[in-house]
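K.L.:
Protein chains: 2
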Amino acid sequence: MPRAALDNREIQRVRRRLCEAALALYREEGADAVSFRRLAERTGTSHTQPYRYFENKDALFAALRLDCYQRFFDCIRDCDRPGSDPAARLQAIHHGILEFVRAQPADYQLMFAADQPPLADYPDLLAVRRAAFDYLVAIVAQATEAGRLDGDPRDIMHVAWGAVHGLLNLHTAGQLLHGRRLEELTQPLLRTVLHPLFETDHDVLRSA
Amino acid sequence: MPRAALDNREIQRVRRRLCEAALALYREEGADAVSFRRLAERTGTSHTQPYRYFENKDALFAALRLDCYQRFFDCIRDCDRPGSDPAARLQAIHHGILEFVRAQPADYQLMFAADQPPLADYPDLLAVRRAAFDYLVAIVAQATEAGRLDGDPRDIMHVAWGAVHGLLNLHTAGQLLHGRRLEELTQPLLRTVLHPLFETDHDVLRSA
DNA sequence: ATCCATAACTTTACGGTGTAAATTAAACAC
DNA sequence: GTGTTTAATTTACACCGTAAAGTTATGGAT
């Protein structure tokens with residue numbers, strides 16, 4: 001029989017290593033700097049070797065996006081305080097997302113880049129995005145069910161997410177024309193969009 | 001003396017022709033399809049000829065963005081109803097922007113693309129963006145001065161702009177997870193962000 | 001009319017890219 | 001060993017941005 005096929009664990013390991021190298025390259029020098037050749041150079045293989053692990057460059061970027069999505073979702077869960085007041089939870093998550101953007105603006109840009117193939121083309125990406133979104137929707141639903149917010153939780157979350165995202169997007173693109181700190185804009189925006197959730201302060205009472 | 005230098009009018013004419021060809025290429029096949037070589041091919045010249053009119057590819061894209069900004073600003077002014085109620089004006093402009101995005105989503109993406117050099121690198125781009133932004137700020141100021149809105153008009157406009165932009169950006173990127181029509185999300189968002197401007201209906205009274 | 005300085009334009013060239021195809025190298029069964 | 005199968009590399013091609021060299025055309029001076 002033939003030479004042993006690559007162990008599946010090994011494949012995953014190399015994929016991860018390639019992803020890490022690609023992400024580093026992307027963060028350092030932008031999307032155009034990410035090439036299979038430089039990737040191969042950095043990982044010490046031939047320039048066609050990455051094709052063993054990614055069908056093409058789009059697939060590589062999809063893998064990068066998946067990695068970002070997962071860490072983004074992790075960030076959301078880590079910042080959350082399940083069991084406490086929905087306003088406090090959303091507030092904490094908002095803060096965590098800002099921190100994520102501050103720490104890795106390139107990752108945030110990549111996740112929401114408009115020049116990437118649509119999410120629908122990559123079911124695994126879509127799944128993580130949906131999971132993260134549904135996670136947030138559940139928090140809003142907690143508020144609507146308590147009668148502290150009116151409307152479809154999905155609509156509410158979509159609008160809140162989109163609104164904050166707009167400012168984050170402009171910010172990372174260097175297109176905010178005003179010298180305000182980011183929080184000074186997103187914070188009131190969030191409170192306004194989720195009004196009247198933040199009107200009354202249930203935080204201490206409910207989390208106790 | 002030497003051969004006559006190109007007439008400045010002629011230069012502008014060719015630049016415009018190149019821009020139009022580039023924009024068409026961009027709309028049809030995306031940013032990666034825009035190359036000096038294909039541009040030259042379409043305009044019937046050698047592949048280095050575009051360098052006579054643009055220092056490099058970044059400069060070409062800056063020119064494309066400028067063109068988009070100007071048409072975007074035109075769109076805003078054309079939709080506006082100066083002299084009428086600020087709520088009605090912002091409402092009309094909001095509608096016009098949605099129409100712009102619907103008609104030319106690629107142009108909208110290009111204007112706000114995060115992978116382009118920062119606005120600050122191109123004073124002429126910045127100028128048009130500021131002009132458009134200030135134009136909108138003036139409308140908000142009209143509302144704050146009438147006591148119908150509280151806060152710094154620049155902050156208010158920034159938040160409103162950013163918020164709506166977030167949904168438009170997700171939409172054009174194919175990343176809206178929900179099957180809502182765009183207006184069904186941006187419309188209430190705008191009203192909420194500019195609350196309490198839309199609470200009372202001054203439209204008919206003031207525009208009469 | 002001839003010559004030539006200068007600007008416009010084209011051709012050639014280089015290093016880089018994504019990716020397909022051909023080639024080589026390595027590991028196991030026999 | 002030989003043969004088979006797979007991994008990995010090498011080669012190749014078409015395209016790209018861009019620099020440099022080479023060519024052509026056009027004006028005025030002579």
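Top to bottom, those sequences are chains A and B.
When we follow the UniProt record's numbering, the leftmost residue of the first sequence carries the number 1, and every step to the right adds one.
When we follow the UniProt record's numbering, the leftmost residue of the second sequence carries the number 1, and every step to the right adds one.
For every residue, glycine included, the Cβ atom is placed at its ideal position computed from N, Cα and C.
All figures in this text were calculated on a predicted structure; none of them were measured in a lab.
Along chain A, which residues have their Cβ under 9 Å away from the Cβ of B:P188?
P.N.:
Start at 1 with the first residue of the second sequence, and residue 188 of chain B comes out as number 188. Chain A residues near B:P188: G151, D155 and V159.
K.L.:
May I ask you to verify whether the segment 165-181 of chain A touches the segment 148-162 of chain B, counting CB pairs closer than 8 Å and requiring at least 3?
P.N.:
Output reads yes: the segment 148-162 of chain B touches the segment 165-181 of chain A.
K.L.:
Residues in the same chain with beta-carbon distance under 7 Å from B:T48, minus the five sequence neighbours each way, listed in chain order, please.
P.N.:
Counting from 1 along the second sequence, the entry for residue 48 of chain B is found at position 48. Closer than 7 Å at Cβ, skipping near neighbours: no residue.
K.L.:
Please work out which residues of its chain come closer than 8 Å, Cβ to Cβ, to A:R37, disregarding the five sequence neighbours upstream and downstream, and give them in chain order.
P.N.:
Working through the first sequence from its first residue, we reach residue 37 of chain A at position 37. Within the same chain, A:R37 has close Cβ partners H47.
K.L.:
Considering B:V34, what are the terminal residues of the alpha helix (DSSP H) in which it resides?
P.N.:
Along the second sequence, read from residue 1 onward, the residue named residue 34 of chain B stands at position 34. Note, B:V34: premise wrong, no alpha helix (DSSP H); not H, not E.
K.L.:
Go ahead and label A:L6 buried or exposed: buried means 16 or more other beta carbons lie within 10 angstroms of its beta carbon, across all protein chains shown.
P.N.:
In the first sequence, residue 6 of chain A corresponds to position 6, counting from 1. Flag for A:L6 reads exposed.
K.L.:
Return helix, strand or coil for A:D150, following the three-state DSSP convention.
P.N.:
One-based indexing of the first sequence puts residue 150 of chain A at position 150. It is coil, neither helix nor strand.
K.L.:
Relative to the C-alpha of B:L149, which candidate in B:V101, B:R65, B:A87 and B:Q187 has its C-alpha closest?
P.N.:
Your numbering for residue 149 of chain B matches position 149 in the second sequence. Out of B:V101, B:R65, B:A87 and B:Q187, B:A87 has the C-alpha closest to the C-alpha of B:L149.
K.L.:
Quick one: Cα of B:F54 to Cα of B:Q116, how far?
P.N.:
The count along the second sequence starts at 1 and reaches residue 54 of chain B at position 54. The count along the second sequence starts at 1 and reaches residue 116 of chain B at position 116. If you take the alpha carbons of B:F54 and B:Q116, they lie about 16 Å apart.
K.L.:
What residues of chain A sit near B:L177, judged by a beta carbon separation below 7 Å?
P.N.:
For this step, residue 177 of chain B is matched to residue 177 along the second sequence. The contacting residues are R129, R130 and F133.
K.L.:
Could you tell me how far apart the beta carbons of A:C19 and A:A62 are, in whole angstroms, since I believe they sit closer than 8 Å?
P.N.:
Residue 19 of chain A sits at position 19 when you count from the first residue of the first sequence. Residue 62 of chain A sits at position 62 when you count from the first residue of the first sequence. No, A:C19 and A:A62 are not in contact; Cβ-Cβ is about 11 Å, not under 8 Å.
K.L.:
With a threshold of 7 Å on Cβ separation, who are the neighbours of B:V128 within its own chain once the five nearest residues in sequence on each side are excluded?
P.N.:
In the second sequence, the residue the question calls residue 128 of chain B occupies position 128. Counting only Cβ-Cβ distances below 7 Å, and skipping sequence neighbours, we find L66, Y69, Q70 and F73.
K.L.:
What does A:D115 touch in chain B if you count any residue whose Cβ is under 9 Å from its own?
P.N.:
The sequence position of residue 115 of chain A within the first sequence is 115, counting from 1. Neighbours of A:D115 on chain B, chain order: G30, A31, D32, Q109, A113, D115 and A173.
K.L.:
Report yes or no: do three or more beta-carbon pairs, one from the segment 124-143 of chain B and one from the segment 183-201 of chain A, lie closer than 8 Å?
P.N.:
The answer is no - the segment 183-201 of chain A does not touch the segment 124-143 of chain B, with fewer than three Cβ pairs under 8 Å.
K.L.:
Does any C-beta atom of chain A lie closer than 8 Å to the C-beta of B:T192?
P.N.:
Within the second sequence, the letter at position 192 stands for residue 192 of chain B. Yes, because at least one Cβ of chain A sits closer than 8 Å to the Cβ of B:T192.
K.L.:
Going straight from the alpha carbon of A:G96 to that of B:T43, what length do you get?
P.N.:
Taking the first residue of the first sequence as 1, we reach residue 96 of chain A at position 96. Taking the first residue of the second sequence as 1, we reach residue 43 of chain B at position 43. Each residue's alpha carbon lies about 50 Å from the other.
K.L.:
Establish whether the CB of A:P196 and some CB of chain B are separated by less than 8 Å.
P.N.:
Within the first sequence, residue 196 of chain A is the residue found at index 196, counting from 1. A:P196 does not count as touching chain B.
K.L.:
Whole angstroms is fine: what's the gap from A:G151's alpha carbon to B:P188's?
P.N.:
Position 151 of the first sequence, counted from the start, is the residue given in the question as residue 151 of chain A. Position 188 of the second sequence, counted from the start, is the residue given in the question as residue 188 of chain B. Whole-angstrom Cα-Cα distance: 11 Å.
K.L.:
If we cut at 8 Å on Cβ distances, does A:N169 have a partner in chain B?
P.N.:
For the purposes of this step, residue 169 of chain A is taken as residue 169 along the first sequence, with counting starting at 1. So yes, A:N169 belongs to the interface.
K.L.:
So, are the CB atoms of A:L110 and A:Y26 less than 8 Å apart?
P.N.:
Mapped onto the first sequence, residue 110 of chain A falls at position 110. Mapped onto the first sequence, residue 26 of chain A falls at position 26. Cβ atoms of A:L110 and A:Y26: closer than 8 Å.
K.L.:
Report the rounded CA-to-CA distance for A:A31 versus B:A132, giving the unit in angstroms.
P.N.:
On the first sequence, position 31 is the one that residue 31 of chain A refers to. On the second sequence, position 132 is the one that residue 132 of chain B refers to. So the two alpha carbons sit approximately 30 Å from each other.
K.L.:
Please determine, among A:C79, A:P123 and A:E10, the residue with the shortest C-alpha to C-alpha distance to A:E99.
P.N.:
Position 99 of the first sequence holds residue 99 of chain A. The residue with the shortest Cα to Cα distance from A:E99 is A:C79.
K.L.:
Expressed to the nearest angstrom, what Euclidean distance is found between the alpha-carbon atoms of B:V113 and B:R9?
P.N.:
Position 113 of the second sequence, counted from the first residue, corresponds to residue 113 of chain B. Position 9 of the second sequence, counted from the first residue, corresponds to residue 9 of chain B. Residue 113 of chain B is actually Ala in this sequence, not Val. Taking the straight line from one Cα to the other gives about 31 Å.
K.L.:
Keeping to the same chain, check which residues put their C-beta closer than 6 Å to that of A:K57; ignore five residues upstream and five downstream.
P.N.:
Here residue 57 of chain A corresponds to residue number 57 of the first sequence, with the count starting at 1. Result list for A:K57: empty, nothing under 6 Å.
K.L.:
Anything in chain A within Cβ reach of B:A120, meaning under 9 Å, just list it in chain order.
P.N.:
Counted from its first residue, the second sequence places residue 120 of chain B at position 120. Those within 9 Å of B:A120 in chain A are G174.
K.L.:
Given this structure, state the Cα-to-Cα distance separating B:A141 from A:A143, to the nearest angstrom.
P.N.:
Along the second sequence, one-based indexing puts residue 141 of chain B at 141. Along the first sequence, one-based indexing puts residue 143 of chain A at 143. Those two C-alpha atoms are separated by around 34 Å.
K.L.:
Would you mind telling me which residues of chain A sit closer than 9 Å to B:H94, beta carbon to beta carbon, in chain order?
P.N.:
Your numbering for residue 94 of chain B matches position 94 in the second sequence. Simply none; closest approach about 14 Å.
K.L.:
How about B:A22 and B:L60: are their beta carbons less than 8 Å apart?
P.N.:
By 1-based counting over the second sequence, the position of residue 22 of chain B is 22. By 1-based counting over the second sequence, the position of residue 60 of chain B is 60. Contact: yes.
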